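Reviewing the structure listed below.
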Amino acid sequence: MRKLLYLLLCTVLITGVSSYKPVSTTFQFPFQDRALTIDQRVNDLVARLTLAEKVGQMLNAAPAVERLGIPAYNWWNESLHGIARTPFKVTVYPQAIGMAATFDVNAMHQMAEYTADEGRAVYNESVKANRRGIYLGLTYWTPNINIFRDPRWGRGQETYGEDPYLTANLGKSFVTGLQGNDPVYLKAAACAKHYAVHSGPEPVRHEFNTDVSNYDLWDTYLPAFHDLIVESKVAGVMCAYNAFRGEPCCGSGLLLNDILRKQWNFNGYLTSDCGAIDDFYQKHKTHADAEAAAADAVLHGTDVECGNVTYLSLVKAVEHGKITEQQIDVSLKRLFTIRFRLGMFDPPGQDKYGKIGAEMLETPEHKAHALKMARQSIVLLKNQNNTLPLSKRLKKVAVIGPNADNPISVLGNYNGMPSAISTPYQAIKAKLGSSADVYYDQAISYTSLSYTRNVDLGTLGNIGGQKGFKAEYWQNNTLSGAPVVTRQETALNYIWRDGTFVVGSVSQKNFSARWTTDFTANSNDEITFELTGNKPYKLIIDGEERTLSGEPDGFGPKTYALKASKGKNYHIVMEYRQTEGRATFNFKSGVAVKSDLNAIVQSVKDADAIVYVGGISPQLEGEEMRVNQPGFNGGDRTSIDLPKVQTDLLKALQTTGKPVVFVMMTGSAIAIPWEAEHIPAIMNAWYGGQSAGTAIADVLFGDYNPAGRLPVTFYKSDKDLPSFNSYAMDNRTYRYFGGQPLYGFGYGLSYTTFKYGNLTVPLLNRTNKNIPVSVKVTNTGKMGGEEVVQLYISHRGLSYKTPVRALKGFKRIYLKAGESKAVTFTLTPKELAVIDDIGHAVQQPGKLSVSVGGAQPSAQTRLNYKTVERIIQIRG
């Protein structure tokens with residue numbers, strides 16, 4: 000016995016705990032035996048399933064197979080910038096485009112590790128409570144590594160920008176951080192999406208067909224997918240809605256069978272985008288019916304259908320000879336391999352990550368990292384005459400604009416909900432404390448002088464001596480009997496997904512709710528109550544059901560206008576009944592206001608400084624949205640111009656003669672030619688996550704020296720843009736744009752200055768050899784700060800098409816005032832290769848320009864230092 004224990008201990012020490020497989024003592028089926036290999040366990044499990052059971056496991060909401068002890072599992076989860084859409088409170092980092100602006104692979108990796116910890120906590124706590132629904136699993140359909148080719152695309156905020164090299168490197172950091180470093184087990188499973196040529200327009204994405212040259216395909220659209228699949232071993236891939244060269248992406252022979260599976264040897268799982276299989280026969284019209292669509296998708300390697308149940312027709316497809324059960328088994332084995340690697344079939348207590356609990360949610364380290372990345376993401380675009388940083392001794396600061404105190408604008412899309420959100424107004428007020436008067440006014444909406452001033456019943460309402468609403472929930476849709484849960488709530492903004500729990504033990508299926516409050520009007524204004532969600536719901540005021548006006552659609556907003564009398568109390572009740580599908584309900588109330596620019600100027604003319612926080616919002620840009628505002632359509636933008644009303648307001652503010660700072664929030668590039676010419680200080684803050692306001696205040700008042708860089712080109716106007724529907728890269732992004740941008744890719748200022756020198760690079764090199772590059776960077780200013788050192792190459796005189804220049808290295812470093820540091824890069828043959836006309840990467844002799852600096856060489860006129868450059872000769 001001692002010898003056996005000794006040998007067992009040696010095995011653990013040699014192979015590591017993660018690969019040790021203790022011999023199971025009791026199990027009903029071989030697939031439950033952890034002593035077997037994962038392949039053996041998967042093969043045993045799949046062999047025990049009936050055809051109908053196999054098909055059920057290919058839906059994103061895979062049902063339980065109770066006779067085999069297989070629990071239900073929902074593949075659909077999101078973690079774009081922190082765990083998303085979960086009922087738990089979680090840490091929310093800057094939107095993906097903001098994280099890209101950090102140019103920091105280490106910060107990205109750390110963020111992904113923290114996100115995986117919180118995801119494991121959500122999963123483990125949910126399993127304990129026997130909750131197996133959507134947004135509770137460990138397969139995250141993130142990251143979005145599509146190339147942000149056009150700033151009008153509303154989902155570009157979810158990406159890492161317009162550059163394939165930056166996208167690939169940040170994406171790889173995210174994948175390795177999320178999935179962990181165990182050779183067998185996954186902490187979580189990442190998924191690269193949307194494969195492969197996909198970036199809008201949103202309104203036609205379900206039927207859109209695109210084609211690009213082989214050069215553009217392999218030079219721009221595929222490199223990031225290649226690197227995540229081949230180098231980072233991403234667990235999953237999601238195919239896109241649109242068609243490519245006449246075939247739906249989820250049924251593309253070239254993209255899936257040839258490139259993904261054969262050339263890149265991808266052995267992970269492939270999921271459709273949600274509803275994409277239906278699009279085969281309903282939108283693209285490439286297939287006759289659901290049966291043909293399902294069979295063809297599986298034959299092309301699409302293992303999971305998200306959103307609908309078209310795959311249920313696979314049973315008939317087998318009967319009709321369109322696909323074999325053995326071909327279905329290929330997908331089943333890939334799916335169960337992922338679930339086994341996630342530890343889902345290991346005995347209790349033997350799951351490597353099974354002990355991570357709720358204590359890992361919103362830890363101090365996670366919150367600190369969210370603030371760090373929010374600070375890192377801020378890009379200082381202009382700072383004329385050192386307008387920034389502002390003095391903390393100012394007596395009055397005016398903070399105005401539609402994003403000044405809007406918590407929605409900082410969260411982006413595909414987000415979770417944190418316990419606390421910092422807005423710019425709140426953070427500036429907290430930073431200056433009682434020593435200054437911090438004046439706030441929303442002033443305008445994003446696109447007009449009219450806006451709604453919030454009347455917050457969560458604060459102003461009172462029921463039973465408590466603020467907010469008395470909330471009651473029933474496990475029936477008739478509000479009958481005693482409520483299962485009664486509690487106090489202050490905000491009514493809910494999306495209850497299929498399979499989730501509403502509150503406590505009340506499940507999302509077949510429930511009802513009632514919210515009650517008493518409200519005393521403090522003015523004679525007309526108050527508009529707005530209810531949004533899937534019906535049926537009711538608004539009852541003083542015992543009378545009120546008729547709601549609005550679109551007949553089940554999800555559109557419905558409103559009721561109450562002519563309030565000052566001092567009168569109103570008893571307000573809302574009732575909601577869940578009938579089918581998901582459940583959503585949102586309530587807000589407010590008073591319509593139309594601003595006057597002269598009045599706004601008068602209210603702020605005595606301020607020592609004016610901080611205007613504007614831009615756009617995830618309420619305007621995003622995924623297939625309903626937006627009826629000038630400049631926006633279906634989630635996309637029809638113009639990249641800053642909405643005119645905001646420029647008009649900034650012009651008015653400029654007349655005060657006081658320093659005006661423009662803080663711009665956005666998920667995409669905005670054209671601000673007037674502002675760039677006239678406003679003394681401009682910073683781009685993206686959608687900065689839960690700590691956005693604090694980060695903005697830290698930069699405004701000099702507690703943090705900004706160093707973010709633009710991951711996209713900021714063009715001067717719509718005239719710079721080719722057709723949105725064209726995916727050709729000609730005249731797109733910094734790599735092929737022939738004009739002069741307003742602010743270029745990689746651009747960003749600092750409160751200090753940096754000098755580059757001593758660039759060393761061999762003047763002669765071979766095509767198959769690495770090229771070492773070294774440069775000396777010195778902080779020549781009076782303030783410590785970070786610098787993003789960027790390396791670009793440009794091939795000269797080749798017969799092949801090549802980018803104007805291309806990023807091939809970047810490092811974010813910190814230098815104290817007066818400090819110097821040598822920064823090194825290695826240019827590999829892969830990075831030096833060019834793409835030929837048929838899409839092959841080739842090594843090509845010729846002259847090569849190598850430049851290193853804090854931006855592109857073309858942007859140096861806007862910066863307070865110059866890049867350094869060498870021309871070298873590459874021989875074959």
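Take the sequence shown: its position 555, counting from 1, is numbered 554 in numbering that gives the first Met the number 0, and each next residue is one higher.
Note that beta-carbon positions come from the ideal geometry of N, C-alpha and C, so glycine has one too.
For clarity, every value in this text was computed on a predicted model and none was experimentally measured.
Which one of 126, 364 and 251 has the shortest CA to CA distance from residue 111?
-> In this structure, 364 is the residue among 126, 364 and 251 with its C-alpha nearest to the C-alpha of residue 111.
Residue 482 versus 488, 489, 473 and 490, residue with shortest Cα-Cα distance = Residue 482 has its Cα closest to that of 473, out of 488, 489, 473 and 490.
Closest to residue 664 by CA distance: which of 707, 616 and 639 is it?
-> Nearest C-alpha to residue 664: 616.
What three-state label does DSSP hand residue 20 in the structure shown?
-> The pLDDT assigned to residue 20 is 42, lower than 50, so where the model puts this residue is not dependable; a value taken from the coordinates is nonetheless given after this. In the structure shown, residue 20 sits in coil (DSSP, three-state: anything other than H, G, I, E or B).
Can you tell me which of the three DSSP states residue 536 falls into?
-> Looking at residue 536 - three-state DSSP - the assignment turns out to be strand.
Run the CB neighbour count on residue 674, radius 10 Å, all protein chains shown included, and call it buried at 16 or more, exposed below.
-> Classification for residue 674: buried.
In three-state terms, what does DSSP make of residue 84?
-> Three-state result, residue 84: coil.
Tell me residue 817's beta-bridge partners as DSSP assigns them.
-> Looking at the DSSP output, residue 817 bridges to nothing.
Whose C-alpha, out of 671, 871, 376 and 452, is nearest the C-alpha of residue 94?
-> Residue 376 is the option with its Cα nearest to residue 94.
Beta-carbon separation of residue 378 and residue 804 under 8 Å?
-> For residue 378 and residue 804, no; Cβs fall outside 8 Å.
Beta carbon of residue 334: closer than 7 Å to some heavy atom of the ligand ATP?
-> You won't find the ligand ATP in this model; it holds no ligand whatsoever.
Near residue 884, which residues of its chain fall below 6 Å by C-beta distance, leaving aside the five closest residues on each side in sequence?
-> Outside the displayed span of the chain (0 to 875) sits residue 884, for which this structure offers no information.
Would you kindly work out how many angstroms separate the C-alpha atoms of residue 20 and residue 67, rounded to a whole number?
-> Summary for residue 20: the model assigns pLDDT 42, below 50, so the residue's position carries little reliability; its value from the coordinates is reported in the next sentence. Spanning the two alpha carbons is a distance of roughly 22 Å.
Within the same chain, show all residues whose beta-carbon is closer than 8 Å to that of residue 29, passing over the 5 residues directly before and after it, in chain order.
-> Correct list, in chain order: 35, 39, 40 and 43.
Using DSSP with H/G/I as helix, E/B as strand and the rest coil, what is residue 352?
-> Note: residue 352 maps to coil in three-state DSSP.
Count the other CB atoms, across all protein chains shown, that sit within 10 Å of the CB of residue 875; report buried if there are 16 or more and exposed otherwise.
-> Exposed, because fewer than 16 other Cβ atoms sit within 10 Å of the Cβ of residue 875.
To the nearest angstrom, how far is it from the Cα of residue 537 to the Cα of residue 544?
-> So the alpha carbons of these two residues sit roughly 7 Å apart.
Per DSSP, the bridge partner or partners of residue 271 = DSSP lists 238 as partners of residue 271.
Thinking C-beta only, is residue 384 closer than 8 Å to residue 679?
-> Taking 8 Å as the Cβ cut-off, residue 679 and residue 384 qualify as a contacting pair.
Reduced DSSP secondary structure (H/G/I, E/B, other) of residue 427 | Assigned with DSSP and collapsed to three states, residue 427 falls in helix.
Could you tell me which residues DSSP pairs with residue 190 in its beta bridges?
-> For residue 190, the pairing in a beta bridge is given by DSSP as 235.
Assigned exposure category for residue 535 - 16 Cβ within 10 Å defines buried | Counting Cβ neighbours within 10 Å, residue 535 comes out exposed, since fewer than 16 surround it.
Are the C-beta atoms of residue 414 and some chain B residue less than 8 Å apart?
-> Any reference to chain B falls outside this structure, which holds one protein chain only.
Would you call residue 645 buried or exposed, if buried means 16 or more other Cβ atoms sit within 10 Å of its Cβ?
-> It counts as buried.
Could you say which of 310, 283 and 284 lies nearest to residue 296 if we only look at CA atoms?
-> Answer by Cα proximity: 310.
Can you tell me whether DSSP reads residue 263 as helix, strand or coil?
-> For residue 263, the three-state secondary structure derived from DSSP is coil.
Thinking C-alpha only, which one of 146, 736, 178 and 180 is nearest residue 165?
-> The shortest Cα separation from residue 165 among 146, 736, 178 and 180 belongs to 146.
Between residue 50 and residue 314, is the Cβ-Cβ spacing less than 8 Å?
-> The answer is yes: Cβ separation under 8 Å.
Close beta carbons around residue 547, own chain, < 7 Å, minus the five adjacent residues each side = If the five residues before and after residue 547 are omitted, its C-beta is found closer than 7 Å to the C-beta atoms of 530, 538, 557, 558 and 559, all from its own chain and listed in chain order.
Hey, which unbroken runs of the beta strand (DSSP E) at 3 residues or more fall wholly within the stretch 576 to 646?
-> Counting only runs of 3 or more, we get 582 to 593 and 608 to 614.
Distance between residue 341 and residue 140 (C-alpha atoms, nearest Å) | Distance from the CA atom of residue 140 to the CA atom of residue 341, rounded to whole angstroms, is 15 Å.
Would you decide whether residue 264 is buried or exposed? Buried here means 16 or more other CB atoms lie within 10 Å of its CB.
-> Burial call: exposed.
In three-state terms, what does DSSP make of residue 27?
-> Coil, per DSSP.
Give the range of the beta strand (DSSP E) segment to which residue 488 is assigned.
-> Run containing residue 488: 484 to 488, per the beta strand (DSSP E) assignment.
Give me whichever residues DSSP pairs with residue 849 in a beta bridge.
-> BP columns for residue 849 point to 792 and 869.
CA nearest to the CA of residue 227, picked from 267, 487, 239 and 835 | The option with the nearest alpha carbon to residue 227 is 267.
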